[in-house]
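In my numbering, the protein residues as written are 141 to 474. No residue lacks a Cβ here, since even glycine has one placed at the ideal position from N, Cα and C. All of these numbers come straight from a predicted model, not from anything done at the bench. Structure, as structure tokens:
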């Protein structure tokens with residue numbers, strides 16, 4: 141009887157990461173969550189690490205500690221193991237990608253309308269759905285057409301995928317990034333031209349040379365810092381579109397309003413907050429990866445167990461040689 145009680149206790153708890161202080165996670169056993177009406181519980185196979193995790197992990201002036209169990213993890217995928225009342229269209233055993241926010245833990249809860257069942261073509265393959273869906277939404281907002289010249293400032297996970305999508309749409313992509321290996325990655329994903337991101341004015345002059353002084357029809361800023369935003373503004377051509385895809389989370393920005401106004405450009409913030417739009421992107425991402433339209437596998441460069449979450453976020457900040465994106469994986473997950 142004692143053994144059964146212990147087994148029951150184990151089954152009703154889970155391991156989760158809690159941010160206990162700046163740059164310090166603690167692994168704790170907490171109650172396994174139960175799905176409510178319209179919700180499902182996912183036994184996670186993995187969760188991507190996002191660049192937006194870095195600053196909360198480092199600590200911001202408004203931060204409070206400890207954080208929530210599993211908090212900051214929003215790129216999870218795994219197996220549905222329980223459903224709440226009123227759930228239809230998904231059942232235990234389904235493999236799903238989810239838009240939920242406590243996936244740095246063994247289990248997470250998601251609304252049944254905030255996940256997508258993964259098709260057999262994606263069996264055994266990691267699928268951090270939120271950033272893949274984000275890329276699809278950014279691409280749609282960018283309104284890229286055949287014949288456009290598109291500059292992408294910052295070639296990381298998003299920048300590489302957007303390079304592929306823009307190239308396939310018939311655009312000529314100019315990739316701009318700091319590291320030689322990032323520029324090589326951009327070429328792998330279809331960039332026609334690459335420019336090292338070292339000197340502001342030299343980059344502008346090179347873009348002018350490549351475009352016959354016309355600059356770019358579309359510029360996607362995918363870094364999230366002041367200088368890349370300034371650079372992206374400067375290389376957007378008359379009547380073009382500047383798409384802000386980088387996540388700017390560290391306070392106000394200054395913009396060159398004179399330049400924006402004189403050139404008559406459209407400025408698009410492509411950070412989507414509407415759940416319906418987020419889900420549209422996730423569904424499009426599932427189709428794009430399953431069909432082979434995009435192949436994110438080369439971008440999953442580093443894998444860590446949950447117990448090394450801090451190391452994974454530090455690598456996301458520091459970008460060691462060969463780094464593009466880190467995944468937290470559970471057990472034997474891909």
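Start-to-end residues for the alpha helix (DSSP H) that takes in residue i
i           : result
residue 274 : 269-282
residue 317 : Note, residue 317: premise wrong, no alpha helix (DSSP H); beta strand (DSSP E) at 312-317.
residue 347 : 340-351
residue 92  : One cannot answer for residue 92 here, as it falls past the ends of the chain, which runs 141 to 474.
residue 425 : 415-431
residue 301 : 297-308
Of the residues the options, the one placed nearest residue i, counting alpha carbons only
i           : options            : result
residue 319 : 335, 308, 203      : 335
residue 415 : 301, 253, 386      : 253
residue 291 : 382, 229, 340      : 382
residue 231 : 434, 444, 256      : 256
residue 399 : 375, 393, 386      : 375
residue 324 : 425, 158, 463, 183 : 463
residue 470 : 246, 297, 390, 177 : 246
residue 170 : 163, 158, 461      : 158
residue 229 : 196, 180, 355      : 180
residue 449 : 204, 458, 154, 164 : 164
residue 481 : 302, 445, 457, 458 : A query on residue 481 cannot be resolved here, the shown segment of the chain reaching from 141 to 474 and no further.
residue 373 : 351, 344, 432, 458 : 344
residue 168 : 307, 441, 154, 350 : 154
residue 223 : 200, 202, 175, 233 : 175
residue 357 : 283, 455, 240, 251 : 283
residue 475 : 451, 452, 426, 192 : Examination of residue 475 is not possible in this model, given that the chain is present from 141 through 474 alone.
residue 397 : 251, 388, 333, 407 : 407
residue 433 : 201, 281, 215, 303 : 303
residue 338 : 355, 316, 348      : 316
Whether residue i touches residue j by CB criterion (9 Å)
i           : j           : result
residue 269 : residue 238 : yes
residue 418 : residue 274 : yes
residue 305 : residue 267 : no
residue 226 : residue 248 : no
residue 235 : residue 272 : no
residue 321 : residue 461 : yes
residue 288 : residue 311 : yes
residue 219 : residue 195 : no
residue 360 : residue 385 : yes
residue 436 : residue 244 : no
residue 364 : residue 404 : no
residue 209 : residue 242 : yes
residue 172 : residue 152 : yes
residue 331 : residue 351 : no
residue 277 : residue 420 : yes
DSSP beta-bridge partners of residue i
i           : result
residue 406 : 381
residue 376 : 356
residue 456 : Residue 456 is not bridged to any residue.
residue 465 : 440
residue 182 : 220, 248
residue 326 : Note: residue 326 sits in no beta bridge, so no partner.
Element boundaries [beta strand (DSSP E), containing residue i]
i           : result
residue 336 : 333-336
residue 160 : 153-161
residue 205 : No beta strand (DSSP E) contains residue 205, which DSSP labels as neither H nor E.
residue 249 : 247-251
residue 168 : 164-171
residue 238 : 235-238
residue 446 : No beta strand (DSSP E) contains residue 446, which DSSP labels as neither H nor E.
residue 255 : 255-257
The ligand COA heavy atom lying under 8 Å from the CB of residue i
i           : result
residue 202 : As for the ligand COA, it is missing from this structure, which has no ligand bound.
Practice task
Taking 8 Å as the threshold, find out whether the segment 361-374 comes into contact with the segment 281-295 through three or more Cβ pairs.
Solution key: Taking 8 Å as the limit for Cβ pairs, the verdict is that the segment 281-295 does touch the segment 361-374.
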